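There are 2 protein chains.
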Amino acid sequence: MSAARAHLALPHGEVPLPAFLPDATYGVVRALDASDVGDCRVSAVMMNVFHLMQRPGSTIIKRFGGLHRLFGWERPIITDSGGFQAYSLIRQNPKLGSLTDDGLIFRPEGSTRKINLSPEKSVQLQIRYGADVVICLDDCTHVQESIEAQRESVRRTIKWAKRCKQEYLRWLDAEESLNSPRRLIFAVIQGGGQLELRRQCAEELLAIGFDGFGFGGWPLDAKGNLLTEVIAYTRELVPREFPMHALGVGHPRHIVECFRLGYDLFDSAMPTRDARHGRLFVFEPEEPLNPSTGNWFSYLYIQDERNIRSDKPLSSTC
Amino acid sequence: MSAARAHLALPHGEVPLPAFLPDATYGVVRALDASDVGDCRVSAVMMNVFHLMQRPGSTIIKRFGGLHRLFGWERPIITDSGGFQAYSLIRQNPKLGSLTDDGLIFRPEGSTRKINLSPEKSVQLQIRYGADVVICLDDCTHVQESIEAQRESVRRTIKWAKRCKQEYLRWLDAEESLNSPRRLIFAVIQGGGQLELRRQCAEELLAIGFDGFGFGGWPLDAKGNLLTEVIAYTRELVPREFPMHALGVGHPRHIVECFRLGYDLFDSAMPTRDARHGRLFVFEPEEPLNPSTGNWFSYLYIQDERNIRSDKPLSSTC
Chain A
13 MSAARAHLAL PHGEVPLPAF LPDATYGVVR ALDASDVGDC RVSAVMMNVF HLMQRPGSTI
73 IKRFGGLHRL FGWERPIITD SGGFQAYSLI RQNPKLGSLT DDGLIFRPEG STRKINLSPE
133 KSVQLQIRYG ADVVICLDDC THVQESIEAQ RESVRRTIKW AKRCKQEYLR WLDAEESLNS
193 PRRLIFAVIQ GGGQLELRRQ CAEELLAIGF DGFGFGGWPL DAKGNLLTEV IAYTRELVPR
253 EFPMHALGVG HPRHIVECFR LGYDLFDSAM PTRDARHGRL FVFEPEEPLN PSTGNWFSYL
313 YIQDERNIRS DKPLSSTC
Chain B
13 MSAARAHLAL PHGEVPLPAF LPDATYGVVR ALDASDVGDC RVSAVMMNVF HLMQRPGSTI
73 IKRFGGLHRL FGWERPIITD SGGFQAYSLI RQNPKLGSLT DDGLIFRPEG STRKINLSPE
133 KSVQLQIRYG ADVVICLDDC THVQESIEAQ RESVRRTIKW AKRCKQEYLR WLDAEESLNS
193 PRRLIFAVIQ GGGQLELRRQ CAEELLAIGF DGFGFGGWPL DAKGNLLTEV IAYTRELVPR
253 EFPMHALGVG HPRHIVECFR LGYDLFDSAM PTRDARHGRL FVFEPEEPLN PSTGNWFSYL
313 YIQDERNIRS DKPLSSTC
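If you read the protein sequences in the order shown, they are chains A and B. As numbered in the numbering used here, residues 13 to 330 make up the first sequence, in order. As numbered in the numbering used here, residues 13 to 330 make up the second sequence, in order.
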């Protein structure tokens, strides 16, 4: 199976599909400047509104005219909404904040500050920051949580998606519509491992109407295996003409697997973080891209004696 | 007073004088790649043979064809000999090694390795690494050490300089002499605060014959003040046509002061290290370059709230 679309047309350019987006959580891919990232032919990066609103903060981002100008990055930016952070920070540690139907309240550890993020505010910030793709605030879960928790997450995700869409439309009217293509809005499909809830979530979100969809929730089971069945099923719920983003999927084997299932976009901090710690992924160009074997790539530990001594490119595909 | 020469002609290009060389101790200016350093219009960098022989080590440096190719730096490199490291590591902590007339022996902490560095080996490595300017191994002191220690340091520095010069000449014969300009060799003048010892050292080194000279020994007194009198006196011992390097001098005020005294070359890790920690030096372009006031530059703390919020260049001279 190949991607239904060849590219995603966005205000800051076209993103050829499929695309892996490095996470530039706080606006930068650590240890690299924007020109290095561009030189690596990265077509778009993923930033995170929940982190950016705290550091450097909205005042500074807006003062500099948005994320593109502040970070010197001229290609598209997709901003995540903060839903995953609500999950990973607040759901895992309730004393850091709370989730209600109105959004999330976060109290950073060791700080008296309180951060409110409603569905409207998340969309508003993403737009004012200049994101090319806005993602609706969602209520994220782990597949192991109870069916009640999954049901509640789907209910809230749909409710928030409606409010996000309204906010997006309000801004769309205000924005110069002369600029073509317009910025897009994606919604996130939740439901954990419950296929029926995934279906319900997808149908409701399709009815509200979005430009694309994300597979939401932690994409791995407790053993670290990709939730292939649920991911495949969820893709089939959404017509092929809509691009789908496998949120947080970044392991090469998982990317190939999700691509085979019809996903177009991927993001993760893992490949660049691993690289900073000396572990690189390299293609084995002779091997077919078979998701079940994974023989088509290998790990390269750059600090190994033989690699330190080598003056060859990392891979014959470089 | 201005520099007697307009530039230093070296195998990898001309260095306009005066020049400040950032310390790329282990081959890189930390947090920057060679193209960033080049973009800052740095004309040459200072590396350190004592550190490089340990990491990445001579085998790798030679395998990659020398420092220029290994680190992707195409402009001149001056390599320090290891004399200052012998001072700062061994003299301050004798259990890490010892100094004899044959050179230094260094036992890195937590390692069973033993590193020998003789005058000949220091020159040999600097040449094989591809340095544009080789610096003789010297026996460095602090100005507060006893006159006996200073006398011993001068005796050994002269003795080593002779051996370094011989080794340099041996390699010069072996090298293709078609390449013009040739790599240069500098010797270092020691003597602490003893003017008579400085004079003796300078005269002996001039008699051996070098292309340039360094002011050796820690250049500050116990209070952190520049040893202006000794630095001035030492410069006067050396005819103006020889370039002089104020080794380890990097504070803007000290650079201007030493330049006024006739020094041409400066190096320090301090400006780039301070920058990594958020303290920058900026010119105040309206103020004259008066060494005694220092009003012509100021500190800028990049993490200050007003600087974080500013979208202006750091200085009107940028």
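Even for Gly, the Cβ is constructed at its ideal location relative to N, Cα and C. All of these numbers come straight from a predicted model, not from anything done at the bench.
Through-space distance from residue j to residue i, alpha-carbon basis
i: valine 146/B; j: arginine 125/B; result: 26 Å
i: valine 41/A; j: tryptophan 308/A; result: 26 Å
i: valine 27/A; j: aspartate 223/B; result: 57 Å
i: alanine 66/B; j: leucine 129/B; result: The sequence shown places glutamine at residue 66/B, not alanine. Computed Cα separation, rounded: 11 Å.
i: proline 131/A; j: glycine 115/A; result: 6 Å
i: leucine 238/B; j: valine 294/B; result: 21 Å
i: methionine 13/B; j: aspartate 276/B; result: With a pLDDT of 47 at methionine 13/B, under the threshold of 50, the modelled position of this residue cannot be trusted, and the question is left open.
i: aspartate 51/B; j: glutamate 248/B; result: 36 Å
i: glycine 203/B; j: serine 134/B; result: 21 Å
i: alanine 234/B; j: aspartate 150/B; result: 22 Å
i: alanine 143/A; j: aspartate 92/A; result: 10 Å
i: glutamine 97/B; j: tryptophan 172/B; result: 16 Å
i: isoleucine 73/B; j: leucine 82/B; result: 7 Å
i: proline 30/B; j: leucine 232/B; result: 21 Å
i: arginine 182/B; j: arginine 175/B; result: 11 Å
i: glycine 306/B; j: serine 192/A; result: 54 Å
i: serine 327/B; j: arginine 321/B; result: 15 Å
i: glutamate 298/A; j: aspartate 323/A; result: 22 Å
i: glycine 109/A; j: serine 123/A; result: 12 Å
i: aspartate 45/A; j: lysine 177/B; result: 44 Å
i: arginine 17/A; j: histidine 24/B; result: 51 Å
i: leucine 22/B; j: histidine 80/B; result: 13 Å
i: isoleucine 331/A; j: leucine 217/A; result: Summary: the structure shown does not reach residue 331/A, with chain A confined to residues 13 through 330, and so no result is reported for it.
i: isoleucine 89/B; j: alanine 186/A; result: 57 Å
i: glutamate 215/A; j: cysteine 270/A; result: 21 Å
i: leucine 111/A; j: glutamine 138/A; result: 20 Å
i: glutamate 296/B; j: tyrosine 313/B; result: 15 Å
i: aspartate 35/A; j: alanine 43/B; result: 20 Å
Per DSSP, cross-strand counterpart(s) of residue i
i: arginine 211/A; result: Arginine 211/A is not bridged to any residue.
i: aspartate 35/A; result: Met58/A
i: proline 28/A; result: His19/A
i: serine 110/B; result: Ile117/B
i: asparagine 128/A; result: Ile117/A
i: valine 41/A; result: According to DSSP, valine 41/A bridges with nothing at all.
i: leucine 239/B; result: DSSP output for leucine 239/B lists no bridge partner at all.
i: isoleucine 147/B; result: Phe198/B
i: leucine 232/A; result: Leu238/A
Chain B residues whose Cβ lies nearer than 8 Å to that of residue i
i: proline 68/A; result: Ile320
Chain-ordered neighbours of residue i on chain B, where CB pairs are closer than 7 Å
i: aspartate 323/A; result: Arg75 and Phe76
is_contact[residue i, chain A] using C-beta, thresh 7 Å
i: isoleucine 361/B; result: The structure shown does not extend to residue 361/B, since chain B is modelled only from 13 to 330, so the question has no answer here.
Short CB-CB distance (under 7 Å) between residue i and chain B
i: glycine 122/A; result: no
Residue i at chain C interface by Cβ criterion, 7 Å
i: glycine 274/B; result: No chain C is present in this structure, whose protein chains are A and B.
With a floor of 4 residues, list each alpha helix (DSSP H) that falls wholly inside the region 149-225 of chain B, ordered by position along the chain. 159-186 and 207-220
Can you list the beta strand (DSSP E) stretches of 3 or more residues lying completely in the region 77-108 of chain A, in chain order? You should have 89-92.
Please go through the region 244-328 of chain B and give each complete alpha helix (DSSP H) segment of 4 or more residues, from N-terminal end onward. 264-272, 282-288 and 317-320
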